[in-house]
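*Asks:* Every letter in the sequence shown is one number past the one before it in this note's numbering, and letter 187, counting from 1, is 484.
Quick one: the structure is below, and I'll ask about it shortly.
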Amino acid sequence: MKPTILMAPKMPATLVARLCAAFDVIGPMERSTPDALPPGAEAARVLLTVGGWRTDAALIDALPGLGLIACYGTGIEGVDQAHAKARGILLSNAADANADAVAEFAIGLMIASVRQIGKGDRFIRGGRWQGNAIERMPIVPGLRGRRLGIYGLGAIGARIAAMAAVFGMEIGYHNRTPRPELPYLYQDSLLALAEWSDVLMVAVRASADNRHAVNAPVLRALGPRGHLVNISRGIAVDEEALCAALETGTIAGAGLDVFEHEPNVPDRLKAIDNVVLTPHIAAMADSAQAAQQDLLLRNLDAFFAGEPLPSGVPL
298 MKPTILMAPK MPATLVARLC AAFDVIGPME RSTPDALPPG AEAARVLLTV
348 GGWRTDAALI DALPGLGLIA CYGTGIEGVD QAHAKARGIL LSNAADANAD
398 AVAEFAIGLM IASVRQIGKG DRFIRGGRWQ GNAIERMPIV PGLRGRRLGI
448 YGLGAIGARI AAMAAVFGME IGYHNRTPRP ELPYLYQDSL LALAEWSDVL
498 MVAVRASADN RHAVNAPVLR ALGPRGHLVN ISRGIAVDEE ALCAALETGT
548 IAGAGLDVFE HEPNVPDRLK AIDNVVLTPH IAAMADSAQA AQQDLLLRNL
598 DAFFAGEPLP SGVPL
């Protein structure tokens, strides 16, 4: 008999096909609560989920055979890690499998915000381009020589830094601990990083510790020429404070791929002209998806073989 895997949210068809070849896959679930478990879930040895889905103690306890929670992606914020540890359940994620794709998307959002690409698109579509002598968009600073502050210099943040350096940007960062092996300026607080930065890039892993870390004081420190880019998790940014900062010119602009209550994006945010919005698609590149799927399958093979997980998360 094939081992049973419970798929919580719907997964890509290519991944499901690969899983079904080796495992008995049940799901997806309509919601991440015990009452939504499909028949046969009690036999599941693995719960396949994503970081944004809630995997709390109640759901974990409703799966008596569970031995591994496998997150498809880097996020693990929805998992009750303390309860998983108490139950002896392992946890894995995508590690840095999608780091290149997310980093290049982050650079794209930065360029779109700083160089006002979205505004330029709307300028033409609105029929406003009647010749530069009549009406034109304002001249804005470029990227060369400007300061990029990266909040969270992990696998993705380090790739963003390397890419941004090619544009001639100066790189600084704030991390839980300094990374002296990298040639970037360490700032000992997020507020200090924001004060130093022209662009503040949020690449930190989501957790309760950094909920609303980017708040009104941080946005004020970033200043009226500063831009915010978030490709991490929406929880890291206070959306109300961000809306106010964009509306009042406290900061110049923003590029957001993630939101606090996805897929719900505040109407207030949608109405603001100096923000670029995308629907959590930074990792949606074929190369990243293939790498994530390969790593997930290696984790599953290792788990069922009783071997160390290739991308296990310490609990």
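Here a beta-carbon is modelled for each residue, glycine too, at the ideal position from N, C-alpha and C.
#1: Taking 7 Å as the cut-off, decide whether the C-beta atoms of Leu543 and Asn571 are in contact.
#2: Spell out the partners DSSP gives Leu450 in its beta bridges.
#3: Quick check on the DSSP output: the beta strand (DSSP E) that includes Ala310 runs from which residue to which?
#4: Based on the DSSP output, what are the partners of Arg444 in its beta bridges?
#5: Quick check: the segment 514-521 against the segment 458-472, are at least 3 beta-carbon pairs closer than 8 Å?
#6: Check for me: the alpha helix (DSSP H) holding Ser389 runs from which residue to which?
#7: Going by DSSP in three states, His509 sits in which element: helix, strand or coil?
#8: On the DSSP letters alone, give me the boundaries of the beta strand (DSSP E) that Leu345 sits inside.
#9: Going residue by residue through the segment 360-410, where are the continuous alpha helix (DSSP H) segments of at least 4 residues, counting only ones entirely within it?
#10: By Cβ distance, which residues of its chain are closer than 7 Å to Arg517, with the 5 residues on each side in sequence left out?
#11: Given Ile373, which residues of its chain have a CB within under 7 Å of its CB, disregarding the five upstream and five downstream residues?
#12: At 4 residues or longer, and completely inside the segment 554-582: list those alpha helix (DSSP H) runs for me, N to C.
#13: Are there 16 or more other CB atoms within 10 angstroms of the CB of Ser584, so buried, or fewer, so exposed?
#14: What's the C-alpha gap between Val313 and Arg565?
#15: So is Leu597 buried or exposed if we call it buried at 16+ other beta carbons inside 10 Å?
*Replies:* Concretely, from the data shown:
#1: Their beta carbons are under 7 Å apart, which means Leu543 touches Asn571 by this criterion.
#2: BP columns for Leu450 are empty, so no partner.
#3: Counting along the chain, Ala310 falls outside any beta strand (DSSP E), though it belongs to the alpha helix (DSSP H) covering Ala310 to Cys317.
#4: Residue pairing by DSSP places Arg444 opposite Glu467 in a beta bridge.
#5: Too few Cβ pairs lie closer than 8 Å, so no.
#6: Taken as a continuous stretch (DSSP letters only), Ser389 belongs to no alpha helix (DSSP H), being part of the beta strand (DSSP E) at Leu387 to Ser389.
#7: DSSP places His509 outside both helix and strand once states are collapsed to three, so it counts as coil.
#8: Unbroken beta strand (DSSP E) run through Leu345: Val343 to Thr346.
#9: Segments of the alpha helix (DSSP H) lying fully in the segment 360-410: 378-383.
#10: Within the same chain, Arg517 has close Cβ partners Thr547.
#11: Excluding residues within five positions, the ones whose Cβ falls inside 7 Å are Gly348, Leu388, Asn390 and Val610.
#12: List check, alpha helix (DSSP H) in window: 564-567.
#13: Ser584 is exposed by the Cβ-count criterion.
#14: Straight through space, the alpha carbons of Arg565 and Val313 are spaced by roughly 37 Å.
#15: Leu597 comes out buried.
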